[in-house]
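J.:
In structure tokens, the structure reads:
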């Protein structure tokens, strides 16, 4: 019976040890003498191709960066952190191609901006926020170019500008004060600022 229990406990450990032999762990150090950083990277066994996890750690032990690699390319979440350990940025990759929502955070954890990505290009809705959490701008991209209406707001949430884009080029622009249009420009034949 003890032999069965020992096998039951040891078998998962043997499996995990076998899986880890697929990688070589390499540790390097970077940064200046006042802010050194440790980088731990897994490489495919016997190669210089990144496979598995990479982390960057500050001298005080704070995690600054974490990514997963498959065949030398990002695969999965890529996370960056502030020096205080708060999440700074979250991106997602599939076989080296950025997909899904990229989110950037303020140091206090509030969202600073978010943007959809497809095939390494901005695609779809995006938003920026003030540090007080109020929406600063909302916009849309198509094939990495502004496309559609971009709205900008002040820190109280009042609209200040509304600009229509087509394939990255300004078409029209409206300027607001107290949520009322005070100026309107056609940008196709003259410059809009």
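Residue numbers (mature numbering (1 follows the signal peptide of the UniProt record, and there is no 0)): -21 to -1, 1 to 172.
Backbone N, C-alpha and C fix where the C-beta goes; we use that ideal spot for every residue, glycine too.
(1) State the Cα-Cα distance for the pair residue 154 and residue 96, rounded to the nearest angstrom.
(2) So what's residue 104 in DSSP terms, helix, strand or just coil?
(3) On the DSSP bridge list, what partners appear for residue 32?
(4) Per DSSP, what kind of secondary structure is residue 23 in: helix, strand or coil?
(5) Nearest-angstrom Cα distance between residue 75 and residue 17?
(6) Does residue 54 pass the burial test, meaning 16 or more other C-beta atoms within 10 Å, or should it be called exposed?
(7) In the DSSP assignment, find the unbroken beta strand (DSSP E) run with residue 117 in it and report its ends.
(8) Report yes or no: do the region 119 to 136 and the region 156 to 167 share at least 3 C-beta pairs separated by less than 8 Å?
(9) Using the C-alpha atoms, what's the distance from residue 161 back to residue 60?
(10) Distance, Cα to Cα, residue -13 vs residue 30?
(11) Please say whether residue 87 and residue 101 have beta carbons closer to each other than 7 Å?
(12) Let's test the definition: count the other Cβ atoms within 10 Å of the Cβ of residue 172 and tell me whether it reaches 16, buried, or not, exposed.
(13) Would you report the Cα separation of residue 85 and residue 41, rounded to the nearest angstrom?
(14) Assign residue 118 to one of two classes, buried (16 or more other C-beta atoms within 10 Å of its C-beta) or exposed (fewer than that).
(15) Can you tell me whether DSSP reads residue 3 as helix, strand or coil?
T.: In this structure, then:
(1) For the purposes of this step, residue 154 is taken as the residue at position 175 of the chain shown. For the purposes of this step, residue 96 is taken as the residue at position 117 of the chain shown. Spanning the two alpha carbons is a distance of roughly 29 Å.
(2) In the chain shown, the residue the question calls residue 104 occupies position 125. Strand, per DSSP.
(3) For this step, residue 32 is matched to residue 53 along the chain shown. Note: residue 32 sits in a beta bridge opposite 47.
(4) Taking the chain shown and counting its residues from 1, one reaches residue 23 at position 44. Looking at residue 23 - three-state DSSP - the assignment turns out to be strand.
(5) Residue mapping note: residue 75 aligns to position 96 of the chain shown, counting from 1. Residue mapping note: residue 17 aligns to position 38 of the chain shown, counting from 1. Cα-Cα distance, rounded: 24 Å.
(6) Here the question's residue 54 lines up with position 75 in the chain shown. Buried: at least 16 other Cβ atoms inside 10 Å.
(7) Residue 117 sits at position 138 when you count from the first residue of the chain shown. Taken as a continuous stretch (DSSP letters only), the beta strand (DSSP E) holding residue 117 covers 114 to 121.
(8) no
(9) Residue mapping note: residue 60 aligns to position 81 of the chain shown, counting from 1. Residue mapping note: residue 161 aligns to position 182 of the chain shown, counting from 1. Rounded to whole angstroms, residue 60 to residue 161 spans 42 Å at the Cα level.
(10) Within the chain shown, the letter at position 9 stands for residue -13. Within the chain shown, the letter at position 51 stands for residue 30. Unreliable placement is indicated for residue -13, whose pLDDT of 43 sits below 50; the coordinate value is still reported in the next sentence. In a straight line, the C-alpha of residue -13 is about 28 Å away from that of residue 30.
(11) Here residue 101 corresponds to residue number 122 of the chain shown, with the count starting at 1. Here residue 87 corresponds to residue number 108 of the chain shown, with the count starting at 1. Against a cut-off of 7 Å, the Cβ pair of residue 87 and residue 101 comes out as no contact.
(12) Within the chain shown, residue 172 is the residue found at index 193, counting from 1. The residue in question, residue 172, is exposed, as its Cβ has fewer than 16 Cβ neighbours within 10 Å.
(13) As a working mapping, residue 85 is identified with position 106 in the chain shown. As a working mapping, residue 41 is identified with position 62 in the chain shown. Spanning the two alpha carbons is a distance of roughly 17 Å.
(14) Here residue 118 is taken as the residue at index 139 of the chain shown, counted from 1. The residue is buried, with at least 16 neighbouring Cβ atoms inside 10 Å.
(15) Taking the chain shown and counting its residues from 1, one reaches residue 3 at position 24. Residue 3: strand per DSSP, three-state reduction.
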